[in-house]
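Colleague: One point on numbering: in my numbering, the residue at position 91 of the sequence shown is 138, and numbering is uninterrupted.
All C-beta atoms, glycine included, are put in the ideal place defined by N, C-alpha and C.
Following this message is one structure expressed as structure tokens.
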Amino acid sequence: MFGPVVTLHPYSDDAEAIEIANMTEYGLAGSIWTQDIEAGSQMAEQIESGMIWVNCWLHRDLRVPFGGVKQSGVGREGGRWSLSFFSEAINICVKR
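Take a look at the structure:
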């Protein structure tokens, strides 16, 4: 299945929540919902994922590169990375 999926896990502190989030072999994207934005931002820096949203979901600046980590994704897209990611260089020689 590929699509938005949510899993809810109980945890006792932020360190355990980060450990649970990082236990998967995938790392495409995730989100943190919290009343403490600073704590959420600090947690986001420790989660092994290509993109982390804090108190939002699917908000993205297309000028910024995005791609998964671990077993997710196949490179970076967005911004200047898109040109090489979506292009295939070829050589054409013509004798006139």
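1) Are there 16 or more other CB atoms within 10 angstroms of the CB of glycine 126, so buried, or fewer, so exposed?
2) Using DSSP bridges, identify the partner residues of phenylalanine 133.
3) The alpha helix (DSSP H) spanning lysine 87 covers which residue range?
4) Determine the direct distance from the alpha carbon of tyrosine 73 to that of glycine 114, and round the result to whole angstroms.
5) Cα separation between phenylalanine 132 and serine 119?
Modeller: A quick look at the data gives this:
1) exposed
2) None, per the DSSP bridge assignment.
3) The sequence given here places glycine at residue 87; lysine does not occur at that position. It spans 84 to 91 - the alpha helix (DSSP H) in which glycine 87 sits, taken as one unbroken run.
4) 12 Å
5) 16 Å
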